[in-house]
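*Asks:* Each residue of the sequence shown is one higher than the last, beginning at 605 in the numbering used here.
Idealized CB from N, CA, C, for every residue including glycine.
Given the structure is predicted, the values throughout are model-derived calculations rather than measurements.
Please see the structure below; I have some questions.
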Amino acid sequence: MDVVDAWVWWLIAAVGLGIPLVITAMPEFGMFAIGALGGAAAAGMGGGIVAQVITFVVISVALLVFVRPLAYRNRQHAGQRSGVDALKGRQAVVLERVDSGADGRIKLAGEVWSARSLEEGRVFAPGEHVDVVEIDGATAVVM
């Protein structure tokens, strides 16, 4: 295996490790892919297989030790909510009459949602402001 073959194999490994990163959104695969790019660089500079593997391991472990905890901490930040959890507690404007059925419409975060009242018998008229209590499928439950 000459030098060109080795760096090509490292690039193939980097792409192979990048695919599960995209599919699973696990940052560890990205760190290993960057380590494989380091192995490709070592091979491109003429380093032997031992230097290539050591470069791969050192870069991958360094990223796992130093970057992974930072990424985990930022992802698990208590104040950050995403998806439907970020919509709970927000205010919306009634567009079409909302009652305990799911026929009403509200404007929530710039989008039109179907809505129903949390309380049986409570009716909200168009133009009223309501609070989103929860999201049930594609229907906002409001009060």
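With DSSP collapsed to three states, give me the class of ASP609.
*Replies:* Residue numbering aside, residue 609 sits at position 5 when the sequence shown is read from its first letter. Helix.
*Asks:* Using the Cα positions of ASP735 and ALA666, report the straight-line distance between them to the nearest angstrom.
*Replies:* Against the sequence shown, residue 735 aligns to sequence position 131. Against the sequence shown, residue 666 aligns to sequence position 62. Each residue's alpha carbon lies about 46 Å from the other.
*Asks:* Pick out whichever of ALA696, GLY634 and GLY725 has its Cα sitting closest to the Cα of GLU738.
*Replies:* For the purposes of this step, residue 738 is identified with residue 134 of the sequence shown, where counting begins at 1. Ranking ALA696, GLY634 and GLY725 by Cα distance to GLU738 puts ALA696 first.
*Asks:* Going by Cα to Cα distance, which pick from ALA713, ALA629, LEU712 and ALA610 is closest to ALA645?
*Replies:* By 1-based counting over the sequence shown, the position of residue 645 is 41. Considering only alpha carbons, the answer is ALA610.
*Asks:* Quick one: measure Cβ to Cβ for PHE660 and GLY648, integer angstroms, because I've assumed they're closer than 8 Å.
*Replies:* The residue given as residue 660 occupies position 56 in the sequence shown. The residue given as residue 648 occupies position 44 in the sequence shown. Actually they are not in contact, since the Cβ atoms of PHE660 and GLY648 sit about 13 Å apart, beyond 8 Å.
*Asks:* Three-state secondary structure (DSSP) at GLY687?
*Replies:* Sequence index remark: in the sequence shown, residue 687 carries index 83 (1-based). Three-state DSSP puts GLY687 in a helix.
*Asks:* Measuring only the C-alpha atoms, how far is ILE638 from LEU674?
*Replies:* As a working note, residue 638 is residue 34 in the sequence shown. As a working note, residue 674 is residue 70 in the sequence shown. Going by the C-alpha atoms only, they are around 17 Å apart.
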